[in-house]
Amino acid sequence: MKEVALKALPLKGIRILDFTIGGAGPFATKVMADFGAEVIKIETNTHYDFPRTMGPYAKGVKGVNRSGYYTNRNSSKNGVTLNLKKKEAIALAKKLAPTCDIVINNFRAGVLERLGLGYQQIAELRSDVIYVSMPLQGSGGPQANFSGVGHTLNVLAGVYGLTGYEDGTLVGPGTNYPDHSVNPGHALVAIMCALIHRKRTGQGQYIEVSQLESTMNLLGPSILAYSLSGVNPQMEGNTSKSAAPYGAFACANREWLAISVATDAQWAALAKIIGEKWSADTAYAKAAGRLAAAKELRKQMQEWLRTRNARDTMKTLQAAGVPAGVVQTAKDLLERDEQIAARGDFVTLDHAEMGPVVYNGSPFILSKTPAHLRSAPLIGEHNDRVFGDWAGVPESERAKLKEAGVFD
Amino acid sequence: VTFQLNSMSPTALAGMRVIDLTDKSCVYATKVLADMGADVIRIEPTSGDPMRTVEPLDPASGQSMFYAYMNANKRVVALDLNTSAGVEAFRKLVGSASVVVESAKPGFLASKGIAYENFASAQPSLVWTSITPFGSRGPYADWQADDMISQAMGGLMALSGLPDREPLRLYGEQACYIAGLHAASGTLIALWHAILHDEGQHCDVSIHASIAHTLENAVQLYSLEGVVRERQIRAIEAGIGIFPCTDGEIFVYANVGMIASSWTNLVRWMQEEGIPEAADLHEPKWVEQSWRRTEEARAQATAAISALTKTRAKYQVYDQMQQRHILCAPMSQVGDLFNNPQLKFLAWFQTQDMDGRNAVWPGAPFRMSETPRVPPTRFPAHDEHTTEVLGELGLRGQDVGAQRMAGAR
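Chains as they are written, first to last, in the working numbering: chain L, 1 to 408; chain Y, 409 to 817.
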C-alpha cells in the first residue's frame with residue numbers, strides 16, 4: 001500500500017463543478033461526494049433547486065433548508081449560491097472551472113453554452129476537463145429543447161406502457177423511476193470511465209447522458225426482440241412464464257407477500273410447509289405441471305396466505321429455501337428490516353436545521369475505502385470555503401460581490 | 409492493475425480483463441463494462457447458461473434476447489466448477505484479470521477455495537465485486553430472491569399499482585439494471601483506487617439495498633413526516649393523466665407540486681382556444697392540492713384537456729405543448745419507439761445482421777466523445793471461446809484438451 005491511508009476515500013482529489021438540479025443529476029454527484037470527491041453544488045436563491053421546495057420537510061415544516069428530498073440527493077457536497085445572471089458570477093465560475101476535473105449539468109441543451117460555460121468554453125480553460133451534460137433527449141435534433149421529468153420519461157421511453165396488470169389495466173410506475181438509480185448510474189459509470197481514460201492518456205472528453213437514451217436501455221431486450229418479431233410485448237403484472245406459484249399475495253394486517261417458485265426443489269420445500277395436499281400432488285412436482293396450472297396455484301396460494309402473518313411466513317419460507325419477500329414500505333425498511341439495519345444501508349446524520357436526517361448510504365460497500373457521508377449543505381453554506389479558500393477571492397472583494405447580488 | 413497506463417486506447421477500459429460470473433439478477437453490471445471496452449470473459453456452466461432461456465425469446469429462433477442484449481461483445485468460457493480442472497481453470501482466469509464480478513450464493517466460491525480471500529494476497533490490486541440478493545453478510549445473506557422479490561423487499565413494489573389491487577412489479581427484470589448499475593459504479597470506483605494506489609478490494613453489492621436506493625422520497629417522507637407512502641392512481645390530481653389524440657394518446661403532467669408552470673401554461677392555452685370547461689381554471693382554488701384531488705376537479709380538468717387533445721395528432725400536440733412549456737410525452741409502446749423523430753435524428757437505433765436477419769439494437773445509454781461504447785455486433789454461442797481463452801493463458805493445445813475432457817467441458 002502506497003501513499004494512501006487505510007480508510008482514505010477513493011475519490012479524494014477529484015473536484016466537480018456541479019450545476020445539476022432536481023433528481024437525476026444530483027444523485028450521480030452524491031455518490032462521488034460520498035466517496036470523497038469535492039463537489040461544488042451551484043445553487044441560487046433566485047430560483048431554488050426544486051427539491052428544496054418539494055419536501056418532505058423535517059417535522060412537516062416548510063423551509064428551504066428543511067427538505068428531505070434535497071438532503072438525500074446532496075449529501076457530502078459543498079453548497080454555494082451563485083446568480084448566473086450576473087457577469088461577475090460567470091467570471092467566478094470560470095475561475096473555479098480550471099480547478100475542477102469534472103463539470104456537470106442537466107439543464108436544457110444550450111443553456112450553459114449561452115452563459116459562456118459550455119464544453120468548448122471550459123475546455124479552453126482546462127483542456128483535460130471531463131464535461132458532462134444530461135439533457136432530456138440529446139443536445140441536437142428536432143426535440144432537443146423539450147422538457148421532461150421522470151414521469152414523462154417513463155411514458156416517452158415505453159416503460160409506462162408496459163407497467164400494468166396482466167389483464168391489460170395500465171398503471172405506470174408509481175415514481176419518477178429513471179431518476180433514482182438508472183440515469184444517475186449511467187452518468188456515474190461514464191464519469192468513472194472518463195477518469196480512467198484521462199489517467200491513461202491525459203485526455204479529457206465530452207459526455208452526454210441523454211436521459212431518454214439512458215432510460216430506453218431498460219427495455220433493451222424488448223427492443224431487440226420487437227425488431228425481429230414485430231410484436232409488442234404485453235403487460236405481465238405479477239405473472240411469470242418461468243415460475244409458479246408466483247405473485248404478490250394478500251396476507252393478514254393488510255400486508256402482502258411476494259412468492260416465486262422457479263425450481264422443483266423450491267416447490268418441494270413449499271409443498272412440505274403447506275402440507276400433505278400439495279406434497280402428494282405429483283402433477284405439480286415438475287415445473288411444466290406447475291406452469292400449466294399457474295392460475296389454480298395462484299388461487300390456492302392466496303387462500304393459504306390470506307390469514308397468515310406475512311413477515312413470519314416469509315421467514316419460514318426463506319429458512320426452507322423458498323424465495324419469498326414482504327412487500328415492504330419505507331417504514332418497514334427503516335424499522336423492521338434486520339438486513340438493512342445490519343448492513344447500515346441507511347445513514348442518519350445531524351443537520352443544523354432539521355435535526356437527525358436519514359440518508360441512503362451506498363448500496364455497495366467497498367471493503368477498504370467505504371463511503372463516508374456528511375450532511376447535505378444549507379443553501380450557500382460553503383460560499384466562504386469555495387469562493388474564499390478555493391477560488392482565492394479576498395473577503396473584501398467577496399463582500400462587494402455579495403452587495404452586488406452575485407451570491408443571490 | 410494489468411494494463412499499460414500510457415497506451416492510447418480507443419475504449420475506456422481497453423486491456424482490462426473482467427471475469428463475469430453473474431446471473432440474470434445483475435448481469436447488466438458486466439454488460440456495461442463490456443460496452444466500455446473491457447475484455448469480459450463470461451463463465452458459463454458446461455451444461456449451458458440458464459440465462460439463454462430468459463424472456464423475451466425470439467419466436468423464430470427461440471433465442472433469448474435478454475441473453476443477447478446482456479452478453480454481446482463478451483467471450484464465453486464453459487467451466488464445471490464442481491471439478492478440480494474447472495476450478496483450476498477459473499484460478500488461472502482470475503490470475504489474468506483486473507476485476508471479478510460474481511453473483512454466486514454467499515459461501516459457494518469459498519467452499520471451492522476460489523473466493524476473493526483466496527486471491528487477495530497474490531493479486532493485491534484485484535477488484536472483486538460480489539452481487540447478492542441481500543449482501544454477503546447479515547441475517548438475510550442466505551435468503552433467495554428474484555426480480556419481483558427484490559422489488560418487493562426493497563420497497564419499490566409498494567409504490568406501484570392501484571390502491572384497490574395488489575402491489576405491482578415493474579416490467580422486465582428492472583432489479584438487474586438497478587443493481588447492475590450500482591455494482592458497475594462500485595467496481596469502477598474501486599478500480600480507480602486500484603489504478604492510483606495498487607490496492608484492490610472487495611465490493612459487496614446488495615440488490616436489496618440498491619432497490620431501497622430507488623424509492624424517490626418514500627424513506628424521507630416517513631422518517632421526517634411520519635407518512636407511509638403507498639401506491640396511488642397516476643391521475644391523482646387535476647392536470648395529470650392520459651388524454652386521447654387522433655392517432656393515439658398523450659400523457660400530460662401538469663401538476664402543481666413539482667413544476668407548477670406546466671399547469672398555468674396549459675390553462676392559458678386552453679382558454680386561448682376557447683374551451684368552455686377551461687373558462688374558470690385560472691381561479692385560485694385550482695392551485696390548491698385539496699381541490700385538485702377531488703373527483704369533481706379531476707373530471708372538469710379531464711374534459712377540458714381532452715377537448716384540446718382529441719382533435720390533434722399525438723406528435724403534433726406533443727410539439728405544441730412543449731413549445732408552451734407544458735410537461736407531457738406521447739404514449740409509446742415498444743414498437744412506437746422506432747418512429748420517434750428525435751431518436752431517428754440521433755441515429756440511435758443500430759441495425760446488425762443476426763443469423764441473416766436484421767436485428768435492431770438499442771443505442772448507447774450515454775455518449776462519450778473520446779471513448780464511445782463498443783457497438784453491439786453479435787452475442788456468443790455456448791462454449792464459443794473456451795479453447796481460445798484457455799489457450800491465451802499459456803496452456804498448450806493438449807493441456808486445454810485435457811482440461812476440457814476432465815471438466816472444463
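Glycine included, each C-beta is placed from N, C-alpha and C at the ideal position.
Please read these numbers as outputs of a predicted model, since none were measured by experiment.
Exposed or buried, residue i, counting other C-beta atoms within 10 Å across all chains shown (16 or more means buried)?
i                      : result
residue 765 of chain Y : exposed
residue 516 of chain Y : exposed
residue 400 of chain L : exposed
residue 725 of chain Y : buried
residue 282 of chain L : exposed
residue 72 of chain L  : buried
residue 773 of chain Y : buried
residue 2 of chain L   : Bear in mind that a pLDDT of 37 at residue 2 of chain L, under 50, signals an unreliable position, so the number given afterwards is only what the model happens to contain. It is exposed - the Cβ of residue 2 of chain L has fewer than 16 other Cβ atoms within 10 Å.
residue 373 of chain Y : The requested residue 373 of chain Y is not part of the displayed model; chain Y covers only 409 to 817.
residue 360 of chain L : buried
residue 634 of chain Y : exposed
residue 439 of chain Y : buried
residue 129 of chain L : buried
residue 747 of chain Y : exposed
residue 470 of chain Y : exposed
How would you write the range of the alpha helix (DSSP H) that residue i sits in, first residue to last?
i                      : result
residue 799 of chain Y : 794 to 800
residue 783 of chain Y : First-last for residue 783 of chain Y: undefined, no H or E at that position.
residue 294 of chain L : 294 to 305
residue 31 of chain L  : 24 to 34
residue 43 of chain L  : Careful: residue 43 of chain L lies outside any alpha helix (DSSP H), inside the beta strand (DSSP E) at 38 to 43.
residue 264 of chain L : 264 to 274
residue 17 of chain L  : From DSSP, residue 17 of chain L is part of no alpha helix (DSSP H) but of the beta strand (DSSP E) over 15 to 18.
In whole angstroms, give me the CA-to-CA distance for residue i and residue j.
i                      : j                      : result
residue 273 of chain L : residue 502 of chain Y : 41 Å
residue 446 of chain Y : residue 787 of chain Y : 15 Å
residue 653 of chain Y : residue 239 of chain L : 31 Å
residue 367 of chain L : residue 291 of chain L : 42 Å
residue 174 of chain L : residue 762 of chain Y : 36 Å
residue 46 of chain L  : residue 550 of chain Y : 51 Å
residue 522 of chain Y : residue 489 of chain Y : 10 Å
residue 813 of chain Y : residue 790 of chain Y : Confidence is the limiting factor: at residue 813 of chain Y the pLDDT is only 49, short of 50, which leaves the residue's position unreliable and the question unanswerable from this model.
residue 265 of chain L : residue 328 of chain L : 26 Å
residue 528 of chain Y : residue 284 of chain L : 46 Å
residue 251 of chain L : residue 302 of chain L : 8 Å
residue 216 of chain L : residue 143 of chain L : 16 Å
residue 15 of chain L  : residue 456 of chain Y : 46 Å
residue 497 of chain Y : residue 41 of chain L  : 48 Å
residue 598 of chain Y : residue 300 of chain L : 48 Å
residue 393 of chain L : residue 608 of chain Y : 40 Å
residue 316 of chain L : residue 336 of chain L : 16 Å
residue 434 of chain Y : residue 97 of chain L  : 37 Å
residue 172 of chain L : residue 739 of chain Y : 11 Å
residue 248 of chain L : residue 493 of chain Y : 43 Å
residue 556 of chain Y : residue 407 of chain L : 48 Å
residue 715 of chain Y : residue 728 of chain Y : 15 Å
residue 219 of chain L : residue 289 of chain L : 30 Å
residue 65 of chain L  : residue 120 of chain L : 35 Å
residue 578 of chain Y : residue 565 of chain Y : 7 Å
residue 660 of chain Y : residue 253 of chain L : 36 Å
With a threshold of 8 Å (Cβ to nearest heavy atom), would residue i be considered close to the ligand PLP?
i                      : result
residue 554 of chain Y : In terms of ligand content, the structure shown is empty, and the ligand PLP therefore cannot be addressed.
Between which two residues does the beta strand (DSSP E) holding residue i run?
i                      : result
residue 356 of chain L : 355 to 360
residue 657 of chain Y : 656 to 661
residue 425 of chain Y : 425 to 429
query = Are there three or more Cβ pairs, one per stretch, closer than 8 Å when the region 641 to 658 of chain Y is compared with the region 187 to 202 of chain L?
reply = The count of Cβ pairs closer than 8 Å, one atom from the region 641 to 658 of chain Y and one from the region 187 to 202 of chain L, stays below three, leaving the stretches out of contact.
Completely contained alpha helix (DSSP H) runs for the region 178 to 228 of chain L, where each covers 4 or more residues = With a minimum length of 4 residues, the continuous alpha helix (DSSP H) runs that stay inside the region 178 to 228 of chain L are 182 to 201 and 211 to 216.
message = Pairs of beta-carbons, one from the region 472 to 484 of chain Y and one from the region 257 to 265 of chain L, closer than 8 Å: are there three or more?
response = No, the region 472 to 484 of chain Y does not touch the region 257 to 265 of chain L.
query = At what residue ranges does the region 435 to 487 of chain Y contain a whole run of the beta strand (DSSP E), taking only runs of 3 or more?
reply = The region 435 to 487 of chain Y contains these whole beta strand (DSSP E) runs: 447 to 452 and 483 to 486.
message = Taking 8 Å as the cut-off, does the region 160 to 176 of chain L touch the region 227 to 241 of chain L (at least 3 CB pairs, one atom from each stretch)?
response = They touch, by the three-pair rule.
Sufficient close CB pairs (3 or more, under 8 Å) joining the region 183 to 198 of chain L to the region 110 to 122 of chain L = In this structure the region 183 to 198 of chain L does not lie against the region 110 to 122 of chain L, because fewer than three pairs of beta carbons, one per stretch, are closer than 8 Å.
message = List, from N- to C-terminal side, the alpha helix (DSSP H) runs of 4 residues or more that fit wholly inside the region 687 to 771 of chain Y.
response = Segments of the alpha helix (DSSP H) lying fully in the region 687 to 771 of chain Y: 697 to 700, 703 to 717, 722 to 731, 742 to 745 and 749 to 753.
inquiry  = Restricting to runs no shorter than 3 residues, where is the beta strand (DSSP E) found entirely within the region 580 to 635 of chain Y?
reply    = Counting only runs of 3 or more, we get 609 to 614.
key: Continuous beta strand (DSSP E) assignments of at least 3 residues falling wholly in the region 72 to 133 of chain L   = Complete beta strand (DSSP E) runs here, min 3: 78 to 81, 102 to 105 and 130 to 133.
task = Give, in chain order, every unbroken run of the alpha helix (DSSP H) that is at least 4 residues long and sits entirely within the region 350 to 404 of chain L.
result = If we require 4 residues or more, the alpha helix (DSSP H) runs fully inside the region 350 to 404 of chain L come out as 395 to 403.
query = Considering only residues of the region 478 to 559 of chain Y, which uninterrupted beta strand (DSSP E) runs meet the minimum length of 3 residues and lie entirely inside it, listed in chain order?
reply = For the region 478 to 559 of chain Y, the continuous beta strand (DSSP E) assignments of 3+ residues that do not extend past its boundaries occur at 483 to 486, 507 to 510 and 535 to 540, in sequence order.
ask   = For the 8 Å Cβ check, are there 3 or more pairs between the region 48 to 56 of chain L and the region 347 to 357 of chain L?
value = Flag = no, the region 48 to 56 of chain L and the region 347 to 357 of chain L do not touch.
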